[in-house]
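Remember, the working numbering sits 112 above the position in the sequence shown when you count from 1. Every residue, glycine too, gets a C-beta built ideally from N, C-alpha and C. Fair warning: this is a prediction, and the values are worked out from it, not measured in the lab.
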Amino acid sequence: MKRQSGMTLIEVLVAMAIFAIMGAVASLLLRQTLDNSELLGDRMDRLQSIQRTMTALSSEVLQAAPRPVRAGLGNDEPALQSSFSAEFALQLTHNGWPNSAGVPRSTQRRTAYRIEDDELIRYHWNVLDRTVSNVPITTVLLDEVDSLTFRFLQQNGDWTDQWPPVAAGATANSSALPRAVEILLVLPDEGELTRVVEVAQ
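And the structure:
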């Protein structure tokens, strides 16, 4: 009599259990890979946002122009202004506003930066000497920002925390620009990021 060949029920169950375990492991590895890919994508997006922000800040500081402006209420503001009591962390007139359409306007622009609700916001005005009706255009550059501070290298080589520098008994030159600006951006996930930008003279 011929013996029947084939798999017993126990062998089938063992094979199914092995395939189930392999499937579960493969599914777990795939899920882990997708999670890591998503985390890496978020991290890359964050780093690109930080890089864009530092590039924008550096570019505008590099192109600072010695052009004071008239503010909305008619008061004069220095070409570059920063102090602890000011409305903005930094306010400056800079060159380099592209005019590819050839519209009759200046290539200089007034820009300001400040932090609101942990977001770094850039303000810019389409006119230099503005009135109350000139509303700034705002752009959120970066979120999750702890602080943004600046230091300024004076012509004599000393650093100061505000610009124009305050000297006892002296009046500030509203067109004066520093030799360099140190930008200090503090982020909860990256810590302190510092960049020193030489101002074009």
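Exercise for the section: With F262 as the anchor, note down where its beta strand (DSSP E) starts and where it stops. Expected result: Segment 259-265, the beta strand (DSSP E) holding F262.
Problem - Length of the line joining the Cα atoms of L169 and R242 - result: Going from the Cα of L169 to the Cα of R242 covers about 22 angstroms.
Handout entry: 6 angstroms CB neighbourhood of L305 in its chain, flanking five on each side removed
Key = Sequence-distant partners of L305 (beyond 5 residues in either direction) whose C-beta falls short of 6 angstroms from its own C-beta, in its chain, are L297.
Practice task
Could you give the DSSP three-state label for T219: helix, strand or coil?
Solution key: Three-state DSSP puts T219 in coil, outside helix and strand.
Problem - Residue range of the unbroken alpha helix (DSSP H) whose run includes A66 - result: Nothing about residue 66 can be read from this structure; the chain reaches only from 113 to 313.
Exercise for the section: Taking 8 angstroms as the threshold, find out whether the stretch 145-158 comes into contact with the stretch 287-295 through three or more Cβ pairs. Expected result: These segments do not touch.
Exercise for the section: Measure the C-alpha to C-alpha separation of N268 and N148 and round it to an integer number of angstroms. Expected result: If I take the Cα positions, the gap works out to 51 angstroms.
Problem - Test item: CB-CB of R179 and A198 under 7 angstroms - result: Against a cut-off of 7 angstroms, the Cβ pair of A198 and R179 comes out as no contact.
Practice task
Keeping to the same chain, check which residues put their C-beta closer than 7 angstroms to that of R307; ignore five residues upstream and five downstream.
Solution key: Cβ within range, chain order: M166, S170, I295.
Problem - Cα-Cα separation between A177 and L141, rounded to whole angstroms - result: Cα-Cα distance, rounded: 56 angstroms.
Practice task
Measure the CB-CB distance between Q203 and A224 and report whether it falls below 7 angstroms.
Solution key: The beta carbons of Q203 and A224 sit closer together than 7 angstroms.
Handout entry: Residues near A280 by beta carbon distance below 8 angstroms, same chain, minus five either side
Key = Summary for A280: the model assigns pLDDT 45, below 50, so the residue's position carries little reliability; its value from the coordinates is reported in the next sentence. Excluding sequence neighbours, A280 sits near nothing in its chain.
Problem - Integer-rounded CB distance, given that V215 should sit under 8 angstroms from F262 - result: Contact flag wrong, Cβ pair sits at about 31 angstroms.
Exercise for the section: Could you work out which residue in Q274, L253, E231, Q313 is closest to Q163 when comparing CA atoms only? Expected result: Comparing Cα-Cα distances from Q163 to each of Q274, L253, E231, Q313, the minimum goes to L253.
Practice task
In angstroms with no decimal places, state the Cα-to-Cα distance between E189 and P248.
Solution key: Taking the straight line from one Cα to the other gives about 16 angstroms.
Exercise for the section: Mind checking which residues open and close the beta strand (DSSP E) that includes V278? Expected result: Run containing V278: none; DSSP gives neither H nor E here.
Problem - Three-state class that DSSP yields for G303 in the structure shown - result: G303 falls in the strand class under three-state DSSP.
Practice task
Just tell me which of I227, V239, A129 has its CA closest to the CA of R221.
Solution key: Of I227, V239, A129, the residue nearest in Cα terms is V239.
Problem - D188 - DSSP class collapsed to helix/strand/coil - result: Three-state DSSP puts D188 in a strand.
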